[in-house]
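Participant: The sequence shown runs 65 to 282 under my numbering.
For each residue, glycine too, the CB sits at the ideal point set by N, CA and C.
Take a look at this one; I'll ask things after.
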Amino acid sequence: MVKVAERRKIEDEIRNATEFMTLYRCALMEVETILKVLNEQFSRLEDYNPIETIKTRLKTPESIAEKMERRGLPFDFRLVKDEINDIAGVRVVCPFITDIYMLSERLLGREDIRLLEYKDYIKEPKKNGYRSVHLIVEVPIFLQEGKRMVKVEIQLRTIAMDFWASLDHRLSYKKEMDPAITQQLHEELIACSNESAKLDERMEAVRNAIDQRRKVRH
Ligand code: 0O2
């Protein structure tokens with residue numbers, strides 16, 4: 065009962081911390097613009113778009129509280145800024161795996177982006193089959209009071225990885241299902257992840273072969 069009340073309290077504190085959340089909203093705009101400019105440059109110079117879609121989201125107070133509980137943290141508002149890395153989240157979907165590494169290199173090469181954490185779930189997928197590259201970065205936000213560094217989680221994945229992750233997400237919300245069926249579906253998802261990893265590689269090989277032929281002809 066105490067826990068529920070504490071959880072409600074921190075959710076309200078986050079909801080009322082408008083200045084705090086505005087900083088994350090600005091950081092999302094900043095990173096989205098950087099990515100859009102990169103995509104434009106590629107489109108103009110290479111006639112190619114390494115970004116299929118960019119989605120941004122601000123974590124809800126309920127989701128922040130849920131993550132704190134999951135990680136065994138006390139419901140203390142002072143911990144939110146340091147402990148929750150993905151209040152501001154940007155998801156970048158790319159056609160091919162090489163686009164992911166090229167984009168993360170470009171992002172991390174910038175002076176206004178400071179890397180805090182790099183997780184490569186493509187080289188080392190999670191046990192359930194989840195694949196993506198996650199960057200936890202800090203970007204400067206300039207306010208009247210001065211400069212603030214704000215954390216953003218950037219998830220980079222291929223179209224196939226994104227397709228898989230949305231199905232996995234759907235399954236994780238089906239709590240009322242028969243556990244045996246849930247287990248079976250988790251196993252099926254692991255198999256799907258392996259198949260889609262192979263598909264990502266084969267599609268990229270086809271793309272490379274096409275580009276090679278184009279270069280030879282020109
Ligand atoms: P939501 O609803 O997307 O916000 P950290 O963020 O580093 O403090 P965490 O959560 O262990 O700690 O980091 P991790 O593993 O990098 O995961 C962060 C986010 O990646 C998750 O946020 C998901 O968005 C995504 N993600 C990670 N693992 C999986 C997975 O197995 N399946 C799916 N579909 N997505 C995954 P949230 O807060 O869990 O969720």
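Please report the Cβ distance between MET184 and VAL197, rounded to the nearest whole angstrom; I am assuming they are in contact, meaning their Cβ atoms lie under 8 Å.
Facilitator: This sequence places Asp at residue 184; Met is not what is there. Right, their Cβ atoms sit about 5 Å apart.
Participant: What first and last residue would you give for the alpha helix (DSSP H) that runs through MET132?
Facilitator: 125-134 is the span of the alpha helix (DSSP H), which, as asked, contains MET132.
Participant: May I have a chain-ordered list of the beta strand (DSSP E) segments no shorter than 3 residues that lie completely inside the stretch 133-209?
Facilitator: If we require 3 residues or more, the beta strand (DSSP E) runs fully inside the stretch 133-209 come out as 152-158, 178-184, 197-207.
Participant: Whole angstroms are fine: how far does the CA of PHE139 sit from the CA of ALA69?
Facilitator: Approximately 10 Å between the Cα atoms of the pair.
Participant: Expressed to the nearest angstrom, what Euclidean distance is found between the alpha-carbon atoms of ASP275 and LEU179?
Facilitator: Answer to the nearest angstrom: the Cα atoms are 33 Å apart.
Participant: Got a sec? Which residues, its chain only, sit under 6 Å from GLY153 by beta carbon, not counting five neighbours each side?
Facilitator: Closer than 6 Å at Cβ, skipping near neighbours: ARG121, GLU217.
Participant: To the nearest angstrom, report how far apart VAL156 and MET93 are at their CA atoms.
Facilitator: Approximately 14 Å between the Cα atoms of the pair.
Participant: Quick check on the DSSP output: the beta strand (DSSP E) that includes ILE118 runs from which residue to which?
Facilitator: Counting along the chain, the beta strand (DSSP E) containing ILE118 begins and ends at 117-122.
Participant: Do GLU116 and CYS158 count as a contact pair if the criterion is CB distance below 8 Å?
Facilitator: Yes, the Cβ-Cβ distance between CYS158 and GLU116 is below 8 Å.
Participant: Distance, Cα to Cα, ARG277 vs ARG271?
Facilitator: Whole-angstrom Cα-Cα distance: 10 Å.
Participant: Distance check for GLU181 and ARG221, CA to CA, integer angstroms please.
Facilitator: Rounded to whole angstroms, ARG221 to GLU181 spans 17 Å at the Cα level.
Participant: From which residue to which residue does the alpha helix (DSSP H) around ASP76 run?
Facilitator: It spans 66-80 - the alpha helix (DSSP H) in which ASP76 sits, taken as one unbroken run.
Participant: Going by C-alpha to C-alpha distance, which of LEU167, ASP146, GLU240, ALA255 sits closest to LYS191?
Facilitator: Comparing Cα-Cα distances from LYS191 to each of LEU167, ASP146, GLU240, ALA255, the minimum goes to ALA255.
Participant: Excluding five sequence neighbours on each side, which residues of the same chain lie with their C-beta closer than 8 Å to the C-beta of MET166?
Facilitator: PRO114, listed in sequence order.
Participant: Would you report the Cα separation of MET241 and GLY193, rounded to the nearest angstrom?
Facilitator: Taking the straight line joining both Cα atoms gives about 20 Å.
Participant: Look at ILE186 and GLU268 and say whether their C-beta atoms are less than 8 Å apart.
Facilitator: No, they are not a contact pair.
Participant: Are at least three pairs of beta-carbons, each pair with one atom in the stretch 99-111 and one in the stretch 123-131, less than 8 Å apart?
Facilitator: Cβ pair count under 8 Å is below three, so no.
Participant: Mind checking GLN219: buried by the 16 CB within 10 Å criterion, or exposed?
Facilitator: GLN219 should be labelled buried.
Participant: Comparing alpha-carbon positions, which option in GLU259, GLU209, LYS145 lies nearest PHE84?
Facilitator: It is LYS145.
Participant: So does LYS183 have its beta carbon nearer than 7 Å to some heavy atom of ligand 1?
Facilitator: Indeed, a heavy atom of ligand 1 lies less than 7 Å from the Cβ.
Participant: Starting from ASP226 and walking both ways along the alpha helix (DSSP H), at which residues does that stretch end?
Facilitator: Per DSSP, ASP226 belongs to the alpha helix (DSSP H) from 223-236.
Participant: According to the neighbour-count rule (16 or more other Cβ atoms, all chains shown, within 10 Å of its Cβ), is ILE245 buried or exposed?
Facilitator: It counts as exposed.
Participant: What I want to know is whether the C-beta of SER127 ends up closer than 7 Å to one or more non-hydrogen atoms of ligand 1.
Facilitator: Correct: SER127 has its Cβ closer than 7 Å to ligand 1.
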